[in-house]
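Chains as they are written, first to last, in my numbering: chain B, 2 to 491; chain Z, 53 to 539; chain S, 374 to 464. Using N, Cα and C, we set each Cβ at its ideal position, and we do this for glycine too. Note that the coordinates shown come from a computational prediction; the quantities given were computed from them, not determined experimentally. Here is the structure we will look at.
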Amino acid sequence: MVINMSILNINAYELVEDISNGSISAEDFTARMLERISKYDERINAYITLNNNALDRAREIDKEVKSSNGKIRSKILLGVPIAIKDNISTKGIRTTCASKVLEDYIPVYDATVVSRIKAHGAIIIGKTNMDEFGMGSSTEFSAFGVTRNPWDTTRVAGGSSGGSAAALAASEAVLALGSDTGGSVRCPASFCSVLALKPTYGLLSRYGLISYANSLECVGLMARSARDLALLLTATAGYDRYDDTSISNDNIDYYSNIDNVNNFNGMKAAVIKDIVDNCNDEVKKAFYDSLDILKDLGFMIEEIHLESVKYALPAYYVIAMAEASSNLARYDGIRYGYTMQPDGIAWNTFYSMVRSMFGDEVKKRIMLGTYILSSGYYGKYYMKAQIARALVRDELLRVFKDYSIIAIPTMPIPPFKIGERIDDPLKLYTVDICTILANLAGIPALSIPCAIHNGLPIGLQLMAKHLDEQLLLCVAHAFESIRYVKRCVD
Amino acid sequence: MPSSNNNSNNEHIKIGLEIHCQLTALKSKLFCPCSSDYRGKEPNSNVCPICMGLPGTLPLLNKKAVEYAIMIALALNCSIPERLVFYRKNYFYPDLPKNFQITQYNSYEQASVGSNGYLELDDGDAKRIIRIRRVQLEEDPGRLVYESISIDRANYTLVDYNRAGVALVEIVTEPDFNSPGEVRVFLNKLASILEHLGVCNTELEGAVRCDANVSFADNAKVEIKNINSFKEVERAIVFEITRQKSLLARGIKVTSETRHWDDVRRITIQSRAKEEEQDYRYFPEQDIPAVHIADKIDAIKEGLPELPDEKVSRFVREYSLPEYTARILVNNMYLAGFFEECVKHYSNAREIANWIISDLKGYIDRDKDNIVLTRVTPKHIAELVMLIDSNKISRSMAKQIMHIMVASGDMPSSIVKNMCIDGITSKDELREIVKRVIIEEQKAVKDAMINEKAFNYLLGKVMRYAKGRAEPTLVLELLKDMITNNK
Amino acid sequence: MPLDVDKVKHLAYLARISIDDESIDLYARHMDKVIEYFNILDEINSADAEPYRISKHIEEFRDDICIINNEDMLRIAKNVKERFIKAPRIV
């Protein structure tokens, strides 16, 4: 089959239109995409598992279209192949978190976000590679191999949702779900030249998102256009009674409203000087170019200084590791997952043997988290970190009283070489400096490609106050109408 | 009442309790919608992804459980915070699906439902105050089952998670008890409070568990775990005090340790597993937002059912009952209600109360099949007392009528009518009736000499055939006589 | 206080993770560096702010309704005996 690449690069909203009116067959499109994956994925290793039922589902959708006579208008993701990060629970489809500990774990339930996209007619193409349990910023810490950046396969795709971003950039999916604990959808989006949205904490249900750091993380959305992000958000957002931290958004239709605002005259955008100054030169240049575009859109740009930024990264890691040490305690092989015959083995030994299957980075973070929470240290680390976090949140909320958005680069550096940063933990952790602020404060943040420099993608990050996703999407949509950076490799 | 011989030996006994009560009145578990009633179900059939700790699942707080916990905290005179916070207690154990327990913890803040409460004990003339350190909500773990009799020889453990996630309220007292008897009084009162609140049926198997800390004469404190019913607690403590006393008498120091109560052998035994020092690494449960309750507390307080102490005071006040009588009635919630219904029909409350606690209660206590109360209603007792007061019957006749009433369910007035007006049946006629009944009811006759229920049944049958026109004492005599001489 | 090998061994035990002897030194060095980095939080004063937390009103939580789960949870457990889950011995 000759694959017409341009068709695989289609936007989701266009594909839905074409499938709904019968001009494209869902089965045909899905088959082409699977063909693309089978030919190309070994180069980048974006997928861990492919969904055997994808074509069947596509066929069902074509049947529905034939017999519905336009009644499927309500299914806004009809026939769209979606890649799902492998830490999101998919019923009947292996979900590994890129870990040997869950190598053959098959969930008995769907995550809420998965149920919702399925209800909207989406097709799950497969489960994507990631850093084990979400712990990493490069997708180098996977038990299933590294995911390579489609733009330069000697470099990382970013992490921890590297597989999802790479799949989009390589035309191996049309939309993707990821998760974002400290930048895990924004970082790979920036490195792979696609878009990502980390929503307000609680806006997307976490039921089915396998926990790493539960007070920080969200399901993240990834796409190749702002309209597509809006479509995906409309399909997945809103209160879920299976998640006590879930919040309501009054059923906003982000997609229909995306053209409403395209002139931002009178709005102010804040730039956090402390962060931009620590980015490398190529990133700075691309960033300042992007600011010009924001000005063209009507924004008034001002530099601000945030006191609490210097505590943000240590606070983030203290909280993330402490929570990880507790969230990963359940993996003892008894109820599910990797295990061995327990006969004759003492329970402490058994547990340690099963849990020795974690990768080194996971083990380190669990032990650091254990240390942070251990007797006598709670006040020194975790409690102080949560206070620092409150300071960050309060400072950002004060900023949003005067500014509509905050603009900073997504990543302080362009995509780095595979292996370059894995020997020095701090060297790896510090790449998160731009992204963790949004997780600490629970606010929405979006990354949009703003330049490709020397063949390497660079992303612009926009943040807004709680539940202001519509504004971010409108700005992103307006931005890409002026500066459209290539999304897919050839 | 605490027995006086304990008081005389009260050389600085200090006892503290940690009580776990399941909220058996809930329909679902604390953090998932599985049924809270796990008893008698096939292993691992009362579970779901949440209580099995499957990856990606989140706890869903049962708000009724919070309401019940607040009720308990209020009944124990605790101070209640404006918002509740849940914490994780991290440790590894096969019965813990997530390898942490969601509970509450007050070392960093006032997180639990109640703190600094108290319960007053009536200790004869003295009033004793037992301080309540805290009341908290937490989840029950699963159950471990061993195949071999000895845990030491088991090659593996079997786990059933049906109980995992059931709501528990933990009540911790200060070490204010000075005798095992006081503990018994306290637990009786607590059980009565829980019954009146309607939140925990303490009679259900496994519904309550108790740990006790016992120290004697300023020696080391020993913790006794695994006491599975309120009734066993006093026994366990008495044993432990005796054990400690005998050690000290032999010049051996009491070591601070954890012991388990073996309710079969009725002894405390040293804990099998080496009790490692546990570092539980408590920190807040971030999957459950802090629960704002401040504006609900008054409404819950107002809606509280009448508590035992209040009811006793009210019975004394409204019905002019002596406190002793009131306490016996209130102690059995059903009887207290029965009593109040009686008084609605006839106002001599004191007499009614006496007849209930000195007569009816005896029948009820012996009535294993719970038939008596299907036959005897408040109207029955009210009428009986009324007949006595109007001199229509004597007290001794009333006792006999009670006996018949319990067996037949007939109203006292109809029993009296049949007895008095048309004259009493002759002895010969009676003998024929008794003979007839004995022939008809061979099985009951067989049981009658050992089983009072069967005897009463025969008596009732005779009285029915005699249309009540028989003197009960005569019938009793004839029946006994003819049964023993019958083959 | 530096995070030494003994401390790491103890933490590994608390977390029920086994690490082989060759890796322990590397772990200790990495972890020590990270903890060192966290010490900047000492500058924060406990009185600076209330610790970050989200809250909800009690009415927003789940009603006490029982829902039966019909999926068999034992499907994904590998060591099962007569519907019990087999676990290692605890002594």
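Can you look up residue i in the DSSP assignment and give me helix, strand or coil?
i, result
"F138(Z)", "coil"
"T155(Z)", "strand"
"H121(B)", "coil"
"V432(B)", "helix"
"S88(Z)", "coil"
"C475(B)", "helix"
"R389(S)", "coil"
"D474(Z)", "Confidence at D474(Z) is low in this model, with a pLDDT of 40, below 50, so the placement of that residue should be treated as unreliable; the coordinate-derived value is given next. Looking at D474(Z) - three-state DSSP - the assignment turns out to be coil, as it is neither helix nor strand."
"I416(Z)", "helix"
"K459(S)", "strand"
"K179(Z)", "strand"
"V66(B)", "helix"
"E484(Z)", "helix"
"F417(B)", "coil"
"F282(Z)", "helix"
"I11(B)", "coil"
Drop a sphere of 10 angstroms on the beta-carbon of residue i, count the other beta-carbons inside from all chains shown, and report buried for 16 or more, exposed for fewer.
i, result
"Q156(Z)", "buried"
"R390(B)", "buried"
"A477(B)", "buried"
"E43(B)", "exposed"
"Q322(Z)", "exposed"
"C193(B)", "buried"
"R447(Z)", "exposed"
"Q153(Z)", "buried"
"E292(Z)", "buried"
"P413(B)", "buried"
"K241(Z)", "buried"
"H64(Z)", "exposed"
"N70(B)", "exposed"
"P374(Z)", "exposed"
"D474(Z)", "Residue placement at D474(Z) cannot be trusted, given a pLDDT of 40 that sits under 50; the coordinates are not used to answer."
"N22(B)", "exposed"
"Y332(B)", "buried"
"I304(Z)", "exposed"
"G137(B)", "buried"
"N440(B)", "buried"
Hey, residue i and residue j: beta-carbon distance below 7 Å or not?
i, j, result
"V211(Z)", "G194(Z)", "yes"
"V514(Z)", "V486(Z)", "yes"
"T140(B)", "D132(B)", "yes"
"A434(Z)", "H397(Z)", "yes"
"A55(B)", "I126(B)", "yes"
"Q74(Z)", "V235(Z)", "no"
"Q188(Z)", "S164(Z)", "yes"
"E572(Z)", "V224(Z)", "A query on residue 572(Z) cannot be resolved here, the shown segment of chain Z reaching from 53 to 539 and no further."
"P149(Z)", "G92(Z)", "no"
"E286(Z)", "P341(Z)", "no"
"L376(S)", "I413(S)", "no"
"A174(B)", "S448(B)", "no"
Can you tell me the Cβ-Cβ gap for residue i and residue j, rounded? I've got them flagged as a contact below 8 Å.
i, j, result
"G164(B)", "T182(B)", "The pair is not a contact, with the Cβ atoms about 16 Å apart (cut-off 8 Å)."
"G179(B)", "K86(B)", "5 Å"
"D421(S)", "I388(B)", "6 Å"
"D254(B)", "S206(B)", "Rounded, the Cβ-Cβ distance is 18 Å, inconsistent with contact."
"V99(Z)", "N214(Z)", "6 Å"
*asked:* List, from N- to C-terminal side, the beta strand (DSSP E) runs of 3 residues or more that fit wholly inside the segment 313-398 of chain Z.
replied: Whole beta strand (DSSP E) segments, 3+ residues: 319-322 and 342-344.
_Complete alpha helix (DSSP H) runs within the segment 422-461 of chain Z (minimum length 4 residues, chain order)_ = Listed in chain order, they are 424-427, 430-441 and 447-460.
*Could I get the ranges of all uninterrupted beta strand (DSSP E) runs contained in the segment 15-92 of chain B, with 3 residues as the minimum, in chain order?*
Qualifying beta strand (DSSP E) stretches, in chain order: 48-51 and 82-86.
_Any alpha helix (DSSP H) of 4 or more consecutive residues that is wholly inside the segment 303-336 of chain B_ = Correct list: 310-328.
*Would you mind listing the beta strand (DSSP E) stretches within the segment 215-248 of chain Z that are 3+ residues and don't spill past its ends, in chain order?*
With a minimum length of 3 residues, the continuous beta strand (DSSP E) runs that stay inside the segment 215-248 of chain Z are 219-225.
*Taking only runs that begin and end inside the segment 290-314 of chain Z, name each unbroken beta strand (DSSP E) of 3 or more residues, in chain order.*
Along the segment 290-314 of chain Z, the beta strand (DSSP E) occurs as fully enclosed runs of 3 or more residues at 309-314, listed in sequence order.
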